Amino acid sequence: VQLQASRGGLVQAGGSLRLSCVASGSSSSINDMGWYRQAPGKQRELVAVFTSYFSTRYADSVRGRFTISRDNAKNTVYLQMNSLKPEDTAVYYCAAVWGVTGPKYWGQGTQVTVSS
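What follows is the structure in C-alpha cells.
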C-alpha cells in the first residue's frame with residue numbers, strides 16, 4: 008500500500024487548510040486511514056483517524072476544529088483543518104491499516120506551518 012498526501016503549506020493563525028491522502032496498491036478499499044503529526048522535538052501523535060468504516064477518533068487538541076472525511080470510491084481520506092493555531096505546526100503523516108503496534112503504512116509526510 009502506498010500513501011500519497013497532498014502538499015501542506017503555510018497559513019496564518021485562524022485560517023484553514025485541507026489535506027488529502029490517496030491510497031494505492033490495495034485490492035480492496037481501506038477502512039483504516041487517518042492522520043498523525045509530529046512537531047519539532049515531540050513524538051508523533053494521532054490527529055484524526057477512522058477506527059472503522061464509520062467511526063472516527065480525534066485528538067482532544069483538534070476536536071471541533073479538524074474534520075476527517077473519506078471518499079471510498081477514490082480510496083482517499085481528507086483532513087479539513089479550521090481555526091488553525093501555531094501549535095498545529097507539524098509534519099502531518101497519512102497512515103493506514105492499524106496494527107498492534109500502530110499503523111502499518113505511512114505516507115511521506117507534509118509540512119503544515121501556522122504563523123501567529
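In our numbering, the protein residues as written are 8 to 123. Virtual Cβ for every residue (Gly too), placed ideally from N, Cα, C. Small disclaimer: the values here were computed from a predicted structure and weren't measured.
Whole-Å CB distance - residue i paired with residue j, under 8 Å assumed
i: Q50; j: A97; result: Q50 to A97, Cβ: 11 Å. No contact.
Secondary structure of residue i, DSSP reduced to three states
i: K81; result: helix
i: P93; result: helix
i: S33; result: coil
i: T108; result: coil
i: R14; result: coil
i: V98; result: strand
i: S123; result: coil
i: R70; result: strand
i: A103; result: strand
Cα-Cα separation, residue i to residue j
i: P90; j: G106; result: Looking at the sequence provided, one finds Ser at residue 90 rather than Pro. Cα to Cα, the separation comes out at about 32 Å.
i: F57; j: C28; result: 13 Å
i: A103; j: S123; result: 32 Å
i: M88; j: M40; result: 17 Å
i: K92; j: S68; result: 10 Å
i: R70; j: D78; result: 21 Å
i: S23; j: Y65; result: 17 Å
i: V119; j: T108; result: 26 Å
When the options are compared against residue i, the one with the closest alpha-carbon
i: N38; options: G15, P47, A20, S62; result: S62
i: Y85; options: Q9, V8, S13; result: S13
i: A30; options: L53, R72, L10, Q118; result: L10
i: G32; options: Y43, Y99, G114, E52; result: G114
Span of the beta strand (DSSP E) around residue i
i: Q115; result: Counting along the chain, Q115 falls outside any beta strand (DSSP E), and DSSP gives it neither H nor E.
i: V8; result: Element bounds for V8: n/a, residue is neither H nor E.
i: F124; result: Because residue 124 is not part of the residues shown, which for the chain are 8 to 123, the question remains open.
i: Y43; result: 40 to 45
i: T64; result: It is worth fixing the name first, because residue 64 is Arg in this sequence and not Thr. Per DSSP, R64 belongs to the beta strand (DSSP E) from 63 to 65.
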